[in-house]
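Below is one structure, written out as structure tokens, with a few remarks after it.
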Amino acid sequence: MFVSHCFLAIGKHLGAPVVGVVVSKIHDWIVSNMASPLNPSYMSGVYSSYSQEMTFWERVRNTLITNYHTIQMDYYMENQLEQVE
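So, in structure tokens, the structure goes:
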């Protein structure tokens with residue numbers, strides 16, 4: 693589950709749940725596939741140096757960084773997902 697979502701197609705094809713193992717902090721773009729909430733206004737992103745206690749502007753910056761990385765990964769992975777489907 694490090695970068696690519698392609699492994700999810702195997703579970704979909706077999707009708708089986710997919711169990712992933714992540715040995716680091718979960719990347720922001722994977723959280724949505726795990727049905728976990730991601731709220732960058734109070735949860736620091738994987739590429740953010742902020743802690744849980746952030747000022748307003750740190751929260752804004754963290755939200756922008758998190759959304760940027762998520763959109764960027766969706767853009768680059770879209771072609772792979774189309775090929776798998």
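If you're matching positions, the sequence shown starts at 693 in the working numbering and goes up one per residue. Quick reminder that beta carbons are idealized off the backbone N, C-alpha and C, glycines included.
In the three-state reduction of the DSSP assignment, Val752 falls in the helix class. Contact holds between the region 733-742 and the region 752-761, because three or more Cβ pairs, one in each stretch, are under 8 Å apart.
Boundaries of the alpha helix (DSSP H) harbouring Lys704: Leu700 to Leu706, taken from the DSSP string. The criterion of a C-beta distance shorter than 7 Å is satisfied by Thr762 and Trp721.
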